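The end of the first sequence is residue 1111 by the numbering used here, with every number in the run present. Backbone N, C-alpha and C define an ideal beta-carbon position, used for all residues, glycine too. Note that this is a predicted model, so its numbers are computed, not measured.
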Amino acid sequence: MEKELNKILENTLHIFNLTHIPIEIEIPRDESYGDLSTPIAMRLAKTLKKPPKIIAEEIKKNIYENYPHIFEKIEVAGQGFVNFKFKEEFLLEELIKIIANHRDYLNFDIGKGKKVLLEFVSANPTGPLHLGHGRGAAVGMALCNIMEAGGYKVFKEYYINDAGVQIKKLGHSVYARYRQKLCDERDYPFPEDGYRGDYIEEIVLNNELSSLLKEYNLCKDTFEEISSLVNNLSCQLMLKDIKKDLADMNVHFDTWKSEKELYDKGMVQEAIEHLRDKGLIYEKDSALWFKSTVYGDDKDRVVLKSNGEYTYFASDIAYHKYKLDRGFEEIIDIWGADHHGYIPRISSALQALGLHSENFNVLLIQMVTLLRDGKPVQMSKRAGEFITLREIIDEIGPDTTKFLFLFRRHDTPLEIDIEKAKEQSADNPVYYVQYAHARISSIIEKAENLGVKLDIQKIKPSNFRLNEDELRIVKKILSYPMLFKSTVKTREPHRIAFYLYELAGLFHPYYHKYRVITEDRDITLSRLALCICAKIIFKEGLTLLGVSAPDKM
RNA sequence: GCCCCCUUAGCUCAGUAGGAUAGAGCACAGGUUUCCUAAACCUGGUGCCGCAGGUUCGAUCCCUGCAGGGGGCACCA
């Protein structure tokens, strides 16, 4: 609907010898202002040196004359808005088009095949995923689906931080627990900064670890002797759990990139050399520094410490270089909001490597707090007391978990009330939306059983009989493209979730007020068409969010 | 001290890349089931959009300052 208006406005402005004018179209707040509206006359007032109302009148007159079959009413209002009300017939034609070819309606070519690397979750494999990771996973997966529907080519990658001291701590913790549990050495010292969570014990008691270490005598060999083996195995087992959590959330990655591999293949050194060749690396206090200030960072950053070790930032540079080397044109990283301070330095590195800053985007994911009985559940990672993503998925199910993660802008803190999430009531938006889909499915099924079937080839707008409530739903459905485009542009998946919630909020009352299957054949077919369309949208939206769209509940 | 984010109805939050008279849900009160799924629906009313300036035809939205809340500052990861 907005696409047609856009074209019409473009043609109209062309008549006035105006080309390449950005056309804004919006849905007016108040229904009485029409279906769509444009403030274009106010925009043009300056260039044309005419009052906006005069311009608006000219636009109105012109469109009225040339497109009498599309508009019911065109009005000039306010300071110069042009408000459009479509003819019912036009709206219904649009509806039929959706049913006839919904892929065409739901997919867009905003990205024009642009290759995007989307990196998300990337949690250190030193413990189970927590809620924040889950939120990042949900947002990442949804964003990927959305951008692909928007014509981008998106690759999803998980970066495994398996090279640093954290992995050593993990291995050391596992080793110490092993001595304590399986070697009868209850007093074996546990590393002070080790990981104390129960999951360490689970790794130790896991038969897989024991069997993999059969050839070694862990009770005799010192940690130093077998550390690399234990570190590695612990990391592998941890990753296995992480992969399972993500798989159960239906989150999948195209590639899992290991940090350790970057070192083993000399890519870290290579990346630093590359920057050195560009004159962006210098030595100070026997350390190597990257001139990130050249690209707007507050201060230069160390890449090679004076003790000869690379910083975490060094491997990050190498990793992001690797992203570019594979030909990706846009880099999107999804991070916890506590990492926001890293944006300038990574952005600097990418710019130094030749990427324009607008092609690097970071989505920051804010904290998730869990409420039980209305009170926040205290979490402390050091003491090993925290609620894992796994526990929440098991308790409230993956669909609810994902939807709740996506029912808020990603950069604002989120509270999840676990009692409410389990309630499966109106407090729980995911059920509200899914239920609308299930209800529609049930209606369509019933109609089929009664032998009522919509023949899309034969149906014409003149067959339709839709009332005011129904037209409101039709318009909401027809506004999907606008919503979708804004979601792609802003990279804010929550907009889809809110849209679906609003659509469900129109459908449920409608369902309650009217019956779809009636004695009147035309009315039945009309309403059925509306239902089929709504179902297409619910299904699409939920799928984009990674949430299931059940036919029965 | 410096940087980032947040501040909208009693509560939780939207607000369509600057538009018209700022919206939902919850909570609270009352009601609805012979009917395609009651996990639903209907009827009730609320706002110094944190404060103060600025930009302009127009600001909840952009800029500056201030206040309150959260997060971050490293040759940690």
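Here's the rule I'm using: 16 or more other beta-carbon atoms within 10 Å means buried, otherwise exposed. How should M1111 be labelled?
exposed
Nearest to H995 (by Cα), restricted to the options L1012, K815, Q924 and A1092
A1092
Threshold first: 4 residues or longer. Then list the alpha helix (DSSP H) segments lying entirely within the stretch 710-773, N to C.
723-740, 756-763 and 765-770
Would P586 and S595 be called neighbours here (beta carbons separated by less than 8 Å)?
yes
Close-in-space but distant-in-sequence residues of the same chain around L919 (CB under 6 Å, 5 per side omitted)
Note on residue identity: the sequence assigns Asn, not Leu, to residue 919. Cβ within range, chain order: I890.
Since I believe T959 is in contact with I950 (beta carbons under 8 Å), could you give me their beta-carbon distance rounded to a whole number of angstroms?
Confirmed, about 6 Å.
Please classify E560 as buried or exposed, where buried requires at least 16 neighbouring CB atoms within 10 angstroms.
Counting of Cβ neighbours within 10 angstroms places E560 among the buried residues, the total reaching 16 or more.
Among residues of its own chain, excluding the 5 on either side of R693, which ones have a beta-carbon nearer than 6 Å to its beta-carbon?
I923, V926 and F963
So, A895 versus A829, is the Cβ gap smaller than 8 Å?
no
Return the chain-ordered ranges of every beta strand (DSSP E) run that is complete within the stretch 954-1036 and spans a minimum of 3 residues.
972-975
Where D812 falls: helix, strand or coil (DSSP):
Per DSSP, reduced to three states, the secondary structure at D812 is coil, with no helix or strand assignment.
For R1079, three-class secondary structure by DSSP:
helix
If the criterion is Cβ atoms closer than 8 Å, does the pair G1104 and M699 meet it?
yes
Just the Cα atoms here: how many angstroms apart are F574 and G638?
Rounded to whole angstroms, F574 to G638 spans 17 Å at the Cα level.
Ignoring anything shorter than 3 residues, give me the beta strand (DSSP E) runs that lie fully in the stretch 611-655, in order along the chain.
629-635 and 639-644
Whole-number beta carbon distance between F848 and D835, since they are thought to touch under 8 Å:
Between F848 and D835 the Cβ distance is about 13 Å, and since that is not below 8 Å, they are no contact.
Are at least three pairs of beta-carbons, each pair with one atom in the stretch 999-1008 and one in the stretch 1081-1089, less than 8 Å apart?
yes
Could you give the first and the last residue of the continuous alpha helix (DSSP H) run that contains L701?
L689 to A707
Assuming contact is defined by CB atoms lying nearer than 8 Å, are E508 and I718 in contact in what I supplied?
Because the chain spans 559 through 1111 in this model, residue 508 falls outside it and cannot be assessed.
I believe L650 touches P1039 by the beta-carbon criterion, under 8 Å. Please report the beta-carbon distance rounded to the nearest angstrom.
That pair is no contact at about 17 Å.
Cutoff 6 Å; reference Y710; Cβ partners in own chain excluding five residues on either side
G669, K672 and V674
Could you tell me whether the Cβ atoms of P987 and Y1059 are closer together than 8 Å?
Contact flag set, yes.
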